[in-house]
Structures are given as structure tokens and as C-alpha cells.
Amino acid sequence: MNFLRNLFSRMYGLDKMGKITLIASVILTLAGNLLRIRTLYLLGDVVFLYTAFRFISSNHWARQKENERFLSYLEGLKLKTNQTKVRLSDKANNYFRCPKCGTLLSVPKGVGKVMIVCRKCSHQFVKKSR
54 MNFLRNLFSR MYGLDKMGKI TLIASVILTL AGNLLRIRTL YLLGDVVFLY TAFRFISSNH
114 WARQKENERF LSYLEGLKLK TNQTKVRLSD KANNYFRCPK CGTLLSVPKG VGKVMIVCRK
174 CSHQFVKKSR
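Heads up: the sequence shown at position 51 corresponds to 104 in my numbering, and the numbers run straight through without jumps.
Laid out in C-alpha cells, this is it:
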């Protein structure tokens, strides 16, 4: 009994990344079975094995770093998705990127050709605002 207690106390367990990869492995495996695509099925198995490895790992520091990197990637993805939704739903402005520094700039719609000055690097360029 002490052996099992010691074994489970050293395990890393399930975190946010583990939950997401576990769900992804189940979805991939089911999709592979239903669609009869062996590669999806095998990919689901590989993702499940990786999740199991993370679950039973005793290297807590490395798993926490992996989880932090994964969560920061997810936050960036959510931010870009939300920004894209806002830009697409904005009926009053067009959005352009500065060719020099990449800053996102908004210009009122319906103005025609307009000289845009980047507020970050002061680069000037001409775009057509439809």
C-alpha cells in the first residue's frame, strides 16, 4: 500500500494541457474509427500516450514549464481570434498593417486613397480605403 501511495504522490497528474490533449486524443481516435482513417486513429493514440506520459511523469518542473508555454500559446491564439472578430465586425473602419513595423492601423471606410502615417514608426504609405 505504501508503494502505491509513494507512486501516486510522485505523479504530476492532470493539468489544463493534459485535459485538452486527452480530449483531442479521444476526438482524433473517434474520428479515425468513424471515418476509417487509420492515420487519425494512430495520431489519437500517439496524443493519448503523450498525455499518459505527462500524467505519470515525476518531473514536475518540466511539466509545469510545458503547461505554461501551452497556456501562453492559447492566450495568444484567443487574443488574435478576438481581434479578428472585432476587425471583421467593425463596419466603420478598414485596418491596415504598417509595412515597416507591422503595427495595426485603422482608417475610416469610404475615404478613397488616403495617406496613412504609422503612429509607432512614422512611416508613410498610401492605401485605398473602400
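For each residue, glycine too, the CB sits at the ideal point set by N, CA and C. In this text the structure is predicted, and so the values were computed from the model without any measurement.
For residue i, is the classification buried or exposed, using 16 other Cβ atoms within 10 angstroms of its Cβ as the cut-off for buried?
| i | result |
| --- | --- |
| residue 62 | exposed |
| residue 156 | exposed |
| residue 147 | buried |
| residue 78 | buried |
| residue 81 | buried |
| residue 107 | buried |
| residue 184 | This structure gives no information on residue 184, because the portion of the chain shown stretches from 54 to 183. |
| residue 104 | buried |
Taking the straight line between their C-alpha atoms, what separation do you get for residue i and residue j?
| i | j | result |
| --- | --- | --- |
| residue 70 | residue 112 | 15 angstroms |
| residue 126 | residue 119 | 11 angstroms |
| residue 83 | residue 90 | 10 angstroms |
| residue 149 | residue 117 | 38 angstroms |
| residue 171 | residue 164 | 17 angstroms |
| residue 59 | residue 110 | 13 angstroms |
Assign residue i to one of three DSSP states: helix, strand, or coil.
| i | result |
| --- | --- |
| residue 95 | helix |
| residue 70 | helix |
(message) Restricting to runs no shorter than 3 residues, where is the beta strand (DSSP E) found entirely within the region 102-181?
(response) 146-150, 157-161 and 165-170
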